[in-house]
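Using the numbering used here, read the sequence shown as starting at 219 and increasing by one per residue. In this text, a Cβ means the ideal position worked out from N, Cα and C, and glycines have one as well. Just so you know, these numbers come straight off a predicted model, no measurement behind them. Below: the structure, in structure tokens.
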Amino acid sequence: MLLAKEFIYYLSREVVKRLHPHILETNDPVAGSEVFAHLIEDDLAVEDTLNDEVREILSQYSDYMRREGVSYQEMFRRIKNQLVRERKVIRASGRDTGDSMKLSRDKITDLSHKMLTAAKKERYFRLKKPPNDVRLEIVKYFTEVLGIEDKVDRAARQKIRSQKRDITEGTEEWDLLHRRYYADELKRFGIDLGNR
């Protein structure tokens, strides 16, 4: 998943905490955060499922691609783009669309609409401002928190690059170091992912 589950829960808690009580009142912040977290998780899982489907399609054509000298990455991108268009999926990855953050601006906007709809339906919430004002505040807080996450991720990657020897991204060692440095950087910003 593009965002770690722990980070999704942190992001949801932050949105609820920042909106309550002046913009979006809640009688149960924990339950409200859970509603938002599940919504975000489910929405981001759509693209993960799509990626798995593309990998499955490509596995059927691996001999052809090898024989014809077709790049796996290029075919992956083409097939995924086609499926995204056909299914009208909003791309989650900001880096695929030129945004610096992990989530694209379009995905943040889409999620804000879905979160607003959920807030209107759920008994845990009561809107204190006009719906679009609430939605814009969700976008604002999402962008702020994801901006911090981007800084944390870049700092963790820089620490890995500064090692005396080259560590290849995607290896077990790289993943282990990234998790450790990422957690250290989050603490530097005062973010605790463990507090659910």
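For L242, the uninterrupted beta strand (DSSP E) segment begins and ends at L242 to T244. Listed as beta-bridge partners of L345 by DSSP are L242. Linking L411 to K405 through their CA atoms gives a straight-line distance of about 9 angstroms.
The Cβ neighbour count for E265, taken over all protein chains shown within 10 Å, is at least 16; the residue is labelled buried.
Within a 10 Å sphere around the beta-carbon of T244 sit 16 or more other beta-carbons, which makes this residue buried. For A249, the enclosing alpha helix (DSSP H) covers residues P247 to S277.
Rounded to the nearest angstrom, the gap between the Cα atoms of L220 and N350 is 27 angstroms. Distance from the CA of K235 to the CA of H331, rounded to the nearest whole angstrom, comes to 18 angstroms.
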